[in-house]
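**Student:** With numbering that gives the first Met the number 0 applied, the sequence shown covers 0 to 133. Below are the structure tokens for one structure; questions will follow.
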Amino acid sequence: MLFPEGTSTDGERLVPFQTVPLATPLRSRSVIVPTTLAYKFIDGLPVSPAHRDLIYWHGDMEFMLHFWRVLALRSIEVLVTIQPKIECFGYQDNSAGRKKLAEDCYDRVFGRMIKTRLDRDDEIKSGGEPLLPA
């Protein structure tokens, strides 16, 4: 499993993917399966800015303290979406190839985030509760 962002966020945005972590899959001509994690509920409540720090580790948060807090939660509902695979043999094994591969992986994952947010907005308009932070 690879998290190519090179950092963590509060779930509000997806930062551009770093190219260095993609060097090995590119060199070995691997298949990359982009996967999207969308946190939906924490202990039965929809994820919101008021309590999303219970699951998102970011900024100057102390990791072990955060980790123990996550373990203390009763439940976390996560939607895991497997995106269409990306075959690395179609990219050059150089800096430009890594950059293009990083952009394509980002676009696959980001496209899913946009769809999830649009689905959430439709849910809100129809009287439902928000599922993801705005």
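For glycine and all other residues, C-beta sits at the position ideal for the given N, C-alpha and C. Here the structure is a predicted model, which is why all the values come from computation and not from measurement.
1. How is the beta strand (DSSP E) around alanine 37 delimited, first residue to last?
2. Give the range of the beta strand (DSSP E) segment to which valine 79 is assigned.
3. Taking C-alpha atoms, which residue in Arg107, Ser74, Asp42 lies nearest to glutamate 86?
4. For proline 45, which of helix, strand or coil comes out of DSSP?
5. Cutting at 6 angstroms between CB atoms, please list the residues of its own chain near phenylalanine 88, excluding the five before and the five after it.
6. Quick check on the DSSP output: the alpha helix (DSSP H) that includes valine 19 runs from which residue to which?
7. Can the beta-carbon of threonine 18 be found closer than 8 angstroms to that of lysine 84?
8. Based on Cα-Cα distance, which residue from Leu64, Ile81, Ile54 lies nearest to arginine 73?
**Tutor:** A quick look at the data gives this:
1. Your numbering for residue 37 matches position 38 in the sequence shown. From DSSP, the beta strand (DSSP E) with alanine 37 extends over 34-41.
2. Along the sequence shown, read from residue 1 onward, the residue named residue 79 stands at position 80. Run containing valine 79: 75-81, per the beta strand (DSSP E) assignment.
3. As a working note, residue 86 is residue 87 in the sequence shown. Considering only alpha carbons, the answer is Arg107.
4. The count along the sequence shown starts at 1 and reaches residue 45 at position 46. Proline 45: strand per DSSP, three-state reduction.
5. By 1-based counting over the sequence shown, the position of residue 88 is 89. Answer for phenylalanine 88: Arg28, listed in chain order.
6. Residue 19 sits at position 20 when you count from the first residue of the sequence shown. From DSSP, valine 19 is part of no alpha helix (DSSP H); its letter is neither H nor E.
7. Indexing the sequence shown from 1 puts residue 18 at position 19. Indexing the sequence shown from 1 puts residue 84 at position 85. Taking 8 angstroms as the Cβ cut-off, threonine 18 and lysine 84 do not qualify as a contacting pair.
8. As a first step, residue 73 is located in the sequence shown; it is residue number 74 there, counting from the start. The residue with the shortest Cα to Cα distance from arginine 73 is Ile54.
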